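Here's the structure, in structure tokens; my notes come after.
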Ligand SMILES: [Zn+2]
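Residue numbers (the numbering used here): 723 to 1015.
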């Protein structure tokens, strides 16, 4: 075949590919990367006052903890909502079922928060490839790098549930099947000025760029990723971010046949209680809907 014909055919194929990429971009699929950070959400005025729950040991060392409610103000421009590992699937079928029940509420809350000007960050860990080149991914990737501050040294007592078996509560236990899930749950809309990242350093950099000081976090699993990821409760709290867990939109990986031998729901409740004692306050989605709508 003549060289110029090969060239012409190659160019034609490239054009078709670019058209396909363009169509995919409209459908929210990956696009060709660009070096420019996509437009950021404008900082909106206004604030919400939220009822937060925490736990205090009034008499230190007594082991007696009291539930306390505190109202705090959150300027909308300085607040983000992060969705932790709301994957489209999971090797544990019970985990999938429990998440499926929460996803519509998670999505509605995300929509309401977005419409009020709260920054949305989607963090489906390990599956950034799916979003390569999208404005959402680039918005996080191209935030000017702001190094994490020296992390605060904080007490880190062990969690109250044993999840050393992976936490699957099915009989027989589900078997890890590698990569059956590749993206965020299809029931969660990604739109507007949203960002996508699974890297705490990147998330922190975006927060610094936008002046964000508060992070509401929801997702799974409370005793694993939500608390332990680089963008999770522990690291962000240690970095000085004011973190709040949305306590009814989370779920543990806990098997009631392991200590402390309580029901799955009680296991989740115990982990939330632990977080309220040592890490951060919590809020309900009901409270957020009430104050944001
Ligand atoms: Zn399972």
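A virtual CB, placed ideally from N, CA and C, is assigned to each residue, including glycine. Predicted, not measured: the structure shown is a model, and the values here were computed from it.
At the C-beta level, residue 956 and residue 777 stay beyond 7 Å of one another. The residues 766, 767, 768, 769, 770, 838, 839 and 840, in chain order, have a CB closer than 8 Å to that of residue 798 in the same chain once the five nearest residues on each side in sequence are set aside.
Per the coordinates, the alpha-carbon of residue 986 lies some 25 Å from the alpha-carbon of residue 790. With the rule of 3 Cβ pairs closer than 8 Å, the segment 958-978 does not count as touching the segment 856-866. Looking at the DSSP output, residue 966 bridges to 938. Taking non-hydrogen atoms of ligand 1 into account, the C-beta of residue 815 is found less than 6 Å away from one of them. Within 6 Å of the C-beta of residue 890 there is at least one heavy atom belonging to ligand 1. Judged by the Cβ position, residue 1002 fails to qualify as a neighbour of ligand 1 at the 6 Å threshold, every heavy atom of the ligand being at least this far. For residue 777, the uninterrupted beta strand (DSSP E) run begins and ends at 769-778, by DSSP. Just so you know, the alpha carbons of residue 981 and residue 888 end up roughly 13 Å apart. Proximity of the segment 813-830 to the segment 920-934 falls short of the contact definition, fewer than three beta-carbon pairs being nearer than 8 Å. Exposure of residue 788 is indicated by the presence of fewer than 16 other C-beta atoms within 10 angstroms of its C-beta.
Distances from the alpha-carbon of residue 937 to those of 867, 894, 897 and 845 put 845 closest. Residue pairing for residue 788: DSSP places it in a beta bridge opposite 778.
Per DSSP, the unbroken beta strand (DSSP E) holding residue 801 starts and ends at 801-806. Of the candidates 903, 1007, 866 and 873, the residue whose Cα lies closest to the Cα of residue 814 is 903. Residue 863 counts as buried, since no fewer than 16 other beta carbons sit within 10 angstroms of its beta carbon. By the 16-neighbour rule on beta-carbons within 10 angstroms, residue 848 is exposed.
Look at residue 917 here: in three-state DSSP terms it is strand. Where residue 835 is concerned, the enclosing alpha helix (DSSP H) starts and stops at 815-837. Contact check for residue 866 and residue 927: beta-carbon distance about 6 Å, within the 8 Å limit, so the pair qualifies. In the structure shown, residue 812 adopts coil according to DSSP, grouped into three states. Taken atom to atom, the span from the alpha-carbon of residue 992 to that of residue 842 is near 28 Å. Note: residue 844 is bridge-paired with 805 and 918 in the DSSP secondary-structure output. Straight-line measurement puts the Cα of residue 925 at about 13 Å from the Cα of residue 959.
Its Cα nearest to that of residue 906, the residue 917 stands out among 898, 897, 899 and 917. In this structure, the beta-carbon distance from residue 816 to residue 891 falls below 7 Å.
The beta-carbon distance between residue 806 and residue 948, rounded to whole angstroms, is 5 Å. This is short enough to meet the 8 Å contact definition. A distance below 6 Å between beta-carbons, with the five flanking residues on each side excluded, links residue 868 to the following residues of its chain, in chain order: 927 and 930. The closest heavy atom of ligand 1 lies less than 6 Å from the beta carbon of residue 896.
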